[in-house]
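Here is the structure we will look at, set down as structure tokens.
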Amino acid sequence: MRIILLIDMDYFFAACEERRKPEIKGKPVIVGFDPKGGTGRGVVSTCNYEARKFGIHSAMPISSAYRLKPDAIFLPIDYKFYEKVSEEVMSLVKTFSSKYEQVSVDEMYLDISDKVNSYDEALLYAKKIKDEINNKLKLPCSVGVSANKLLAKMACEAAKPNGIRLVKPEEAKTFLKNMPVGKLHGVGKVTEEKLKSLGYNTIGDIQKTDPERLALHFRSSGQDIYNSANGVDESEVLEYSEVKSISRERTFDEDTAEKTKIEEKLKEISKEVFEELKEKDFYFKTVTVKIRYSDFTEHLKSRSLLHPTNNLDQIINTAIKLWEQSTEDKRKIRKLGVRVSTLSKRKGQKTIFGP
DNA sequence: TCTGGGGTCCTAGGACCC
DNA sequence: TCTGGGGTCCTAGGACCC
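Count the first sequence with my numbering and you get residues 779 to 1133, in order.
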């Protein structure tokens, strides 16, 4: 029997800011793009619970957040700082089990099957971890406890904020039954709509269906949806993951079709990509340019070079060529992105990176 | 509401090689 | 003269997650 934890930091970016600026605690704090007095083009990255009281939430346009609470504390995203705090969290959590998987900057799975003998013990163990994060690092978090990653994740969602939630495997189906299908991890907007149109409104509706019917409409992911709805997930807690790509993208303050502006931006973005490539000591073989037009349609263009390289001019020249090829019309561009992939180390072999 | 940025994984057709 | 099957790489796009 496996016992898995998901530890998820609460409103992480805003919590980091509260920790270093105690005077803002208790006030609505919004971390995201510059609202520019309500005209800014970006979204809310994270906000604390005081801000949520005004209806503000992650991914909301920053201009809307500004309209809802103009005198909230708006802070820019200081990713380097959050990464440092994240390392503090991760190294503390790792002392509780060597079987861990970092999912993102503020989230991590722990397999504690070897550390405890029952769910009661698991709860105590989770509480200990949570208390240490609270006391030593002064950061709030929530923990989900269950038999697999999916259930731990869903339990953690139910625990938020600042809570712990245990879901035993025998309780799983009941726990999930009444939730809307969109709550299921792995089901996004598109799949949610499709599920609803097929008559599946709650996760319980999926539990009762014939998986063959799901396979008919969702191909190979049909079985995954069925398994998730039933709380079944065999995936392992994996410590290592490979870096597959490095990318940067930027949105213009105003949409543009001007050649010089676009080339300038592509150079700028390429340089940022190059800096990280150098830092991580990678070679790349493929360059991809992403273009988002004013109407939000997106196009990708990519080209693979004959040999792996780590040359900045190769990125810039390929990026500009790809853009030129894609732009026979004069549509205005909202956002540009540059990505390098097919990464390798000097000798050409891929390398494993741990968190 | 007027919509960011950094990722991963998957699919699918076509090229190309054996 | 008509026709295989497997494998891998490339390119484009889409869904999803945080």
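Built from N, CA and C at the ideal position, the CB exists for glycine as well.
Owing to the predicted nature of the structure, the values given are computational and were not obtained by experimental measurement.
Residue 806 versus residue 944: straight-line alpha-carbon distance, rounded:
Your numbering for residue 806 matches position 28 in the first sequence. Your numbering for residue 944 matches position 166 in the first sequence. So the two alpha carbons sit approximately 30 Å from each other.
For the segment 869 to 929, list the beta strand (DSSP E) runs that are entirely contained and at least 3 residues long, ordered along the chain.
Those beta strand (DSSP E) runs which fall completely within the segment 869 to 929 and span 3+ residues are 878 to 882, 885 to 889 and 919 to 924.
Starting from the C-beta of residue 1041, find all residues in its chain whose C-beta is less than 7 Å away, skip the five residues before and the five after it, and write them out in chain order.
Along the first sequence, one-based indexing puts residue 1041 at 263. Around residue 1041: 1098.
Residue 1000 beta carbon less than 8 Å from that of residue 993:
Numbered from 1 along the first sequence, position 215 holds the residue referred to as residue 993. Numbered from 1 along the first sequence, position 222 holds the residue referred to as residue 1000. Yes. Within cutoff.
I'd like the list of long-range same chain contacts for residue 989, defined as Cβ closer than 8 Å, with 5 residues on each side in sequence excluded.
Numbered from its first residue, the first sequence carries residue 989 at position 211. Contacts found: 1000, 1001 and 1004.
Whole-angstrom Cβ separation of residue 840 and residue 811, contact assumed at under 8 Å?
Position 62 of the first sequence holds residue 840. Position 33 of the first sequence holds residue 811. Rounded, the Cβ-Cβ distance is 5 Å, consistent with contact.
Closest Cα partner of residue 1029 within the set 871, 1070, 1050 and 917:
Here residue 1029 is taken as the residue at index 251 of the first sequence, counted from 1. Of the candidates 871, 1070, 1050 and 917, 1070 places its Cα closest to the Cα of residue 1029.
Going by DSSP, name the residue or residues bridged to residue 1077.
Taking the first sequence and counting its residues from 1, the one referred to as residue 1077 is at position 299. Partner(s): 1069.
Any idea what DSSP makes of residue 1119, helix, strand or coil?
Residue 1119 sits at position 341 when you count from the first residue of the first sequence. Residue 1119: strand per DSSP, three-state reduction.
Among the candidates 1074, 792, 815 and 897, whose CA atom is the shortest distance from the CA of residue 824?
Taking the first sequence and counting its residues from 1, one reaches residue 824 at position 46. Of the candidates 1074, 792, 815 and 897, the one whose C-alpha sits nearest the C-alpha of residue 824 is 792.
In chain order, what residues of the same chain have a beta carbon less than 6 Å from the beta carbon of residue 1127, not counting five sequence neighbours either side?
In the first sequence, residue 1127 corresponds to position 349, counting from 1. With a pLDDT of 44 at residue 1127, under the threshold of 50, the predicted position of this residue should be treated as unreliable, though the coordinate-derived value follows. So no residue of the chain qualifies.
Do three or more CB pairs link the segment 1047 to 1054 to the segment 1009 to 1026 at distances below 8 Å?
yes
Just checking my contact of residue 861 with residue 883 at CB under 8 Å: how many whole Å lie between their CB atoms?
Indexing the first sequence from 1 puts residue 861 at position 83. Indexing the first sequence from 1 puts residue 883 at position 105. 6 Å between Cβ atoms; contact.
Could you pull out every residue in the same chain whose Cβ sits closer than 7 Å to the Cβ of residue 1008, ignoring the five residues on either side in sequence?
Stepping through the first sequence from its first residue, residue 1008 is reached at position 230. If we look at residue 1008 and ignore the five residues flanking it on each side, its Cβ neighbours are 951 and 985.
Indicate whether the contact test is met: 3 or more Cβ pairs, each with one atom in the segment 1009 to 1022 and one in the segment 910 to 927, closer than 8 Å.
yes
Exposed or buried, which one is residue 1022 when buried takes at least 16 other CB atoms within 10 Å?
Your numbering for residue 1022 matches position 244 in the first sequence. That one is exposed.
Counted within 10 angstroms of its Cβ, other Cβ atoms place residue 813 as buried (16 or more) or exposed
For the purposes of this step, residue 813 is identified with residue 35 of the first sequence, where counting begins at 1. Classification of residue 813: buried, given that the 10 Å Cβ count is 16 or more.
Please return the same chain residues whose Cβ sits closer than 7 Å to the Cβ of residue 886, not counting the five positions on each side in sequence.
Here the question's residue 886 lines up with position 108 in the first sequence. Taken in chain order, the residues that qualify are 785, 868, 871, 878, 879 and 880.
Beta strand (DSSP E) segments (min. 3 residues) lying fully within the segment 922 to 985:
942 to 944
Below 8 Å on the Cβ atoms is my contact criterion, and I expect residue 919 with residue 788 to pass it. Report the Cβ-Cβ distance as a whole number of Å.
As a first step, residue 919 is located in the first sequence; it is residue number 141 there, counting from the start. As a first step, residue 788 is located in the first sequence; it is residue number 10 there, counting from the start. Confirmed, about 6 Å.
By Cβ distance below 7 Å, which residues in the same chain neighbour residue 1013 in space, the five residues on each side in sequence not counted?
By 1-based counting over the first sequence, the position of residue 1013 is 235. Correct list, in chain order: 927.
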